Structure formats: structure tokens, C-alpha cells
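K.L.:
To start, I am sharing the structure in question, which I have written as C-alpha cells.
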Amino acid sequence: MPGSYSRAVDTDRVRRAYGAVADLYIGMFGSSAQVDPEDLAFIGRHLAGRPGRVLDLGCGPGHLTGYLHALGADVTGVDLVPEFIDHARHAHPGVPFRLGSMDDLEPAGGILAWYSLIHRPPEELDDVLAGFRRALAPGGTLVVGFCDGTEVAPFDHRVTTAYYWPVDEMSRRLAGVGLTEVERLQRPADGTHRALAALAAR
43 MPGSYSRAVD TDRVRRAYGA VADLYIGMFG SSAQVDPEDL AFIGRHLAGR
93 PGRVLDLGCG PGHLTGYLHA LGADVTGVDL VPEFIDHARH AHPGVPFRLG
143 SMDDLEPAGG ILAWYSLIHR PPEELDDVLA GFRRALAPGG TLVVGFCDGT
193 EVAPFDHRVT TAYYWPVDEM SRRLAGVGLT EVERLQRPAD GTHRALAALA
243 AR
């Protein structure tokens, strides 16, 4: 199918792009100490202590997987990039990680997609979110973090093309697949970081 082929090409491009800068990325973002405390609190509030497995999709170096594990969550980190999974397994022994895609999910009580949707083309987002909804158990929670913007638009991310999403539009997309927003977090750009938005939905 043409759509499936396109997704495979995009997935391979993202995998190779992050693999090429994995050491740099791990150095910059590989610890939960490098994450804003407000973000950590938001993630923990909605995903720690939930029944069932939590999937950290696009887990990168595994820092947020490790954070949720330390809070008592039954969490598995999933990423496309072998270099990230190798690092995560060494950095967080005893925490499960696997090489895989957010397009192929097992049932879960919670899903974290923290900046891992930003490289998906807008025309794919609804299908991805619908997959999340199918994977979530009744009452399950999705937490998604992304780059906030005034319109859906591409930008030159340092690794590969990414997309801004207005927070209200992301919330509308979630509602379209049957997920209801329960809390949002927004932080404006500060000259160093782009504007952040995060949504928790059930």
C-alpha cells in the first residue's frame, strides 16, 4: 500500500537521522535531571501508579522510562533507534526496553509519547493516535508532549523535519479518536527552547 510504504520510508529516515547523532543526543537529553521539573511532575501525575503496563514510545535514551520506573510504574521503553536502546539498557538495568515502533503496540494501561510524534507528518497523526486509543485499556491514559505553535507547520529540527502543533488542534485530534483531554501544560519559548505543550487524555 502506498501509505504504508511512505510510513516505512519516513520511519527509516528518522531512525538513521537519530542514530547518526545518538551520542550527542544522549549527552544533551539522557538524564531526567535535564528535564524541567514541571514536565516530570506532569508525566508522573498521570502515568505513575496506573494499573497495567505503561509504554514510553520513542523513549530515546530511556531517561523518562527510568523516571517512571523509579516512581513504581510497570513501564517499558520502546524506540526505533538501536543506539538509544543499547544505552537505555545499560543506563537503567532492570527496566525493560525494546526496539520497535509506535505503529505496532501491545495493550497498555498508559502511553507516554514525549516529543516522539513531532516527526510524524500531519496526514499520519490521526492514524497514529487511533492506534494509541486501540492499545489503551479502558480508563487508560495518554500523555503527549510536542512543540506548540500557532498553526500546524514544519520546522527545521536539528535532527530531521518536525512539526508544530497548536495545543487546541492536538486536543481536537485526540477527541476525534475518542480520547478526552484531562489536563494541559504549556510553556512559552524562552530564547533557548521552543514553546512546549503537553496534554494528558483518557
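Everything in the sequence shown is counted per the working numbering, starting at 43 for the first residue and increasing by one.
Here a beta-carbon is modelled for each residue, glycine too, at the ideal position from N, C-alpha and C.
These numbers come from a predicted model, not from an experiment.
Do L147 and P244 count as a contact pair if the criterion is CB distance below 9 Å?
P.N.:
Residue identity check: residue 244 is Arg in the sequence provided, not Pro. Going by C-beta atoms, R244 is not nearer than 9 Å to L147.
K.L.:
Between the segment 135-153 and the segment 95-103, do three or more beta carbon pairs fall short of 8 Å?
P.N.:
yes
K.L.:
Look at W207 and D232 and say whether their C-beta atoms are less than 9 Å apart.
P.N.:
no
K.L.:
Is it buried or exposed for G119, if we count other Cβ within 10 angstroms and need 16 for buried?
P.N.:
buried
K.L.:
Does the Cβ of A242 have 16 or more other Cβ atoms within 10 Å, making it buried, or fewer, making it exposed?
P.N.:
buried
K.L.:
Name the residue from R226, M144 and T202 whose alpha carbon lies nearest to the alpha carbon of A62.
P.N.:
T202
K.L.:
Tell me the start and end of each unbroken alpha helix (DSSP H) in the segment 153-238 that is at least 4 residues and wholly inside, in chain order.
P.N.:
For the alpha helix (DSSP H) assignment, the uninterrupted runs of no fewer than 4 residues enclosed by the segment 153-238 are, from N- to C-terminal side, 164-177 and 209-218.
K.L.:
Ordered along the chain, which non-local residues of its own chain (more than five positions away) have a Cβ less than 6 Å from that of L227?
P.N.:
Counting only Cβ-Cβ distances below 6 Å, and skipping sequence neighbours, we find F84 and A240.
K.L.:
Does DSSP classify D54 as helix, strand or coil?
P.N.:
helix
K.L.:
Count the other CB atoms within 10 Å of the CB of T107; is the residue buried (16 or more) or exposed (fewer)?
P.N.:
Result: buried.
K.L.:
Looking only at C-alpha atoms, which of G151, A150 and V117 sits nearest to P135?
P.N.:
Taking the Cα of P135 as reference, the smallest distance to any Cα among G151, A150 and V117 is reached at V117.
K.L.:
Please name the residue or residues paired with F139 in a DSSP beta bridge.
P.N.:
Beta-bridge partners of F139 (DSSP): G119.
K.L.:
How is S48 classed by DSSP in three states: helix, strand or coil?
P.N.:
Note that S48 scores 42 on pLDDT, short of 50, meaning its location in the model is unreliable; the coordinates nonetheless yield the value given after this. Correct three-state label for S48: helix.
K.L.:
Kindly give me the distance between the Cβ atoms of A177 and I153, rounded to whole angstroms, as I take these residues to be in contact under 8 Å.
P.N.:
7 Å
K.L.:
Please classify L66 as buried or exposed, where buried requires at least 16 other C-beta atoms within 10 Å of its C-beta.
P.N.:
Burial state of L66 is exposed, judged by a 10 Å Cβ sphere holding fewer than 16 other Cβ atoms.
K.L.:
Please return the same chain residues whose Cβ sits closer than 8 Å to the Cβ of Y157, not counting the five positions on each side in sequence.
P.N.:
G100, G187, F188 and C189
K.L.:
Among Y109, A64 and H88, which one has its Cα closest to the Cα of S73?
P.N.:
Comparing Cα positions, the closest option is Y109.
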